[in-house]
Amino acid sequence: MLLVTGVSGALGSLVAARLAGRDDVVLGTRAAEATPAGLPGTRRVDFDAPGTLPEAFAGVDTLLLVSAGYGEDDTVVARHEAAISAAERAGVRHVVYTSLSGDGDHLTYALAHRWTERRLRRSATLDWTILRNGLYAEFLTWIAAPDAENRITGPLGEGRLAAVARADLADVAVAVATDPAAHRNRVYELVGERPLGGADLAEALGATYAPGSLADARAAVAASGAVPFQVPMLASTYSAIAHGFLDGTGVESDLRVLLGGREPLDALDVFVKAVREG
Numbered sequence: 004m005l006l007v008t009g010v011s012g013a014l015g016s017l018v019a020a021r022l023a024g025r026d027d028v029v030l031g032t033r034a035a036e037a038t039p040a041g042l043p044g045t046r047r048v049d050f051d052a053p054g055t056l057p058e059a060f061a062g063v064d065t066l067l068l069v070s071a072g073y074g075e076d077d078t079v080v081a082r083h084e085a086a087i088s089a090a091e092r093a094g095v096r097h098v099v100y101t102s103l104s105g106d107g108d109h110l111t112y113a114l115a116h117r118w119t120e121r122r123l124r125r126s127a128t129l130d131w132t133i134l135r136n137g138l139y140a141e142f143l144t145w146i147a148a149p150d151a152e153n154r155i156t157g158p159l160g161e162g163r164l165a166a167v168a169r170a171d172l173a174d175v176a177v178a179v180a181t182d183p184a185a186h187r188n189r190v191y192e193l194v195g196e197r198p199l200g201g202a203d204l205a206e207a208l209g210a211t212y213a214p215g216s217l218a219d220a221r222a223a224v225a226a227s228g229a230v231p232f233q234v235p236m237l238a239s240t241y242s243a244i245a246h247g248f249l250d251g252t253g254v255e256s257d258l259r260v261l262l263g264g265r266e267p268l269d270a271l272d273v274f275v276k277a278v279r280e281g
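Numbering-wise, this note's numbering comes out as the position in the sequence shown, counting from 1, plus 3.
Encoded structure:
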C-alpha cells in the first residue's frame with residue numbers, strides 16, 4: 004500500500020488527484036475534512052502529533068513523504084524525524100521524499116531538506132528515493148508578480164530561475180512512488196529546462212522590469228505580515244536567483260526522463276497563467 008502525506012498542500016493535492024480511485028493508495032492529512040472530495044481513503048497523519056503515526060502507517064509499504072517544510076529548521080527536522088522513525092517501526096519498506104534541488108544549498112530553507120536526506124541514507128531498514136524538486140514556476144507569482152503600476156520590482160537582478168511546473172513534479176512523484184523498486188536509493192534532480200529572468204517574466208505579461216534592492220524586498224516582506232522565518236527565506240531566494248545559483252547551470256535534470264520522455268510544461272506559460280488567474 005502507498006501512503007501519500009501532505010495532501011491538503013499544493014503538491015500533495017495534485018498527487019492525490021492523480022491517484023484517485025486506486026484501492027492501493029491512502030492519503031495522509033492533518034485534517035481529513037481538508038481532503039478534496041472523491042479521492043481515496045484518508046488517514047490522520049500529523050507529524051506534530053507523533054502518536055497519530057503508528058496507526059497511519061500500519062500496512063504501508065511505500066511512503067511518499069511530501070516535505071513538511073513550513074516552519075523553522077528545528078520544527079521541520081522534528082516532523083521529518085517523527086515520520087521516518089515511525090515508518091521504520093511500522094515496517095515501511097520504501098520512502099520517497101520530496102526534497103530541494105541540489106543547486107538550492109544557498110537557500111536558508113535547504114538545511115532541513117539535506118538533514119532529511121542524510122537521515123534516510125542512515126536508515127538501516129528503509130529503501131529511499133529523493134526527488135530534488137526545483138522551485139515551482141507558480142512560486143514566481145509570489146516573488147515576481149507585477150505591482151499596481153504593472154512593474155516587476157522583485158530583486159532578481161540579471162539572474163534566472165530554472166523553475167518547474169508543479170504539475171510536472173506531481174507526475175514524477177506518482178511515477179516513482181507507484182514503482183519504487185525501479186528507483187531504489189536514487190537521487191533525482193528535477194529542475195526546469197528553460198531558466199527565466201525578471202525581464203522574461205515582464206515581457207510575457209507586458210509589464211516593466213525594474214528590480215529593487217534586497218534590502219527593500221526584505222523590508223516589504225517583513226511589513227507584509229509574514230511570520231519571522233519567511234523573511235530570510237524569501238530574501239535568500241531573491242539573492243540566490245539574482246546571483247546565478249538557481250539557473251540550472253551544472254545540474255543535470257532528470258525531469259524529462261522521469262516524465263517518460265515528454266517535454267516538460269513551459270514554466271513561463273505556467274507563470275503567466277497563474278498571474279492572470281490571480
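Glycine included, every Cβ here is placed at the ideal spot set by N, Cα and C. Note that the structure is predicted; figures quoted are calculated from it, not measured.
Give the straight-line distance between the Cα atoms of residue i and residue j, rounded to the nearest whole angstrom.
i, j, result
"G15", "G9", "5 Å"
"G105", "A245", "17 Å"
"L103", "A113", "7 Å"
"R148", "V79", "Reading off the sequence shown, one finds Ala at residue 148, where the question assumed Arg. Roughly 28 Å separates the two Cα atoms."
"G41", "T65", "Low confidence applies to G41: its pLDDT is 48, below 50, so where it sits in the model is not reliable enough to give any reading."
"Y212", "G162", "13 Å"
"P231", "L237", "11 Å"
"G247", "S11", "33 Å"
"L129", "V63", "12 Å"
"A90", "T240", "32 Å"
"A220", "V254", "28 Å"
"G94", "A176", "21 Å"
"L123", "R92", "14 Å"
"A20", "D150", "33 Å"
"A282", "E75", "Nothing can be reported for residue 282, as the shown portion of the chain is limited to 4 through 281."
"D51", "R82", "6 Å"
"G281", "S227", "18 Å"
"F274", "A178", "24 Å"
"R117", "D27", "30 Å"
"A127", "S256", "29 Å"
"P198", "Y139", "12 Å"
"A218", "W145", "17 Å"
"A115", "L208", "35 Å"
Considering only the alpha carbon of each residue, which of the options lies closest to residue i?
i, options, result
"V260", "T144, I87, D27, L172", "L172"
"V278", "P235, E141, H116, A223", "E141"
"V167", "G251, L56, G281, R33", "G251"
"L271", "S88, G253, R169", "R169"
"E202", "V224, A223, H186, L143", "It should be pointed out that residue 202 corresponds to Ala in this sequence rather than to Glu. With distances taken between Cα atoms, A202 lies closest to L143."
"H186", "E75, H97, A81", "H97"
"S88", "D77, P57, H116, R117", "P57"
"R265", "W145, L22, N153, D174", "D174"
Go ahead and pull the three-state DSSP assignment for residue i.
i, result
"D130", "strand"
"L30", "strand"
"L262", "coil"
"S3", "Residue 3 is absent from the model: the chain starts at 4 and stops at 281."
"G200", "strand"
"E84", "helix"
"R47", "strand"
"V167", "strand"
"G12", "coil"
"E58", "helix"
"Y112", "coil"
"R92", "helix"
"D182", "coil"
"P235", "helix"
"P53", "helix"
"R187", "coil"
"T230", "What sits at residue 230 in the sequence shown is Val, not Thr. In this structure, V230 counts as coil in the three-state DSSP scheme."
"L172", "helix"
Would you say residue i and residue j are within 7 Å of each other, going by their C-beta atoms?
i, j, result
"L5", "A180", "yes"
"L134", "Y191", "yes"
"P158", "S70", "no"
"L164", "L249", "yes"
"V29", "V18", "no"
"A243", "I155", "no"
"V99", "T55", "no"
"A34", "V48", "no"
"A107", "G195", "Per the sequence shown, the amino acid found at residue 107 is Gly instead of Ala. In this structure, G195 does not lie closer than 7 Å to G107 by Cβ."
"G31", "R46", "yes"
"L193", "L258", "yes"
"P2", "A85", "Past the boundaries of the shown model lies residue 2; the chain is included only from 4 to 281, so the question cannot be answered."
Considering only DSSP beta bridges, list what residue i is partnered with.
i, result
"I155", "Y212"
"T101", "V69, L134"
"E192", "R135"
"L6", "V29, L66"
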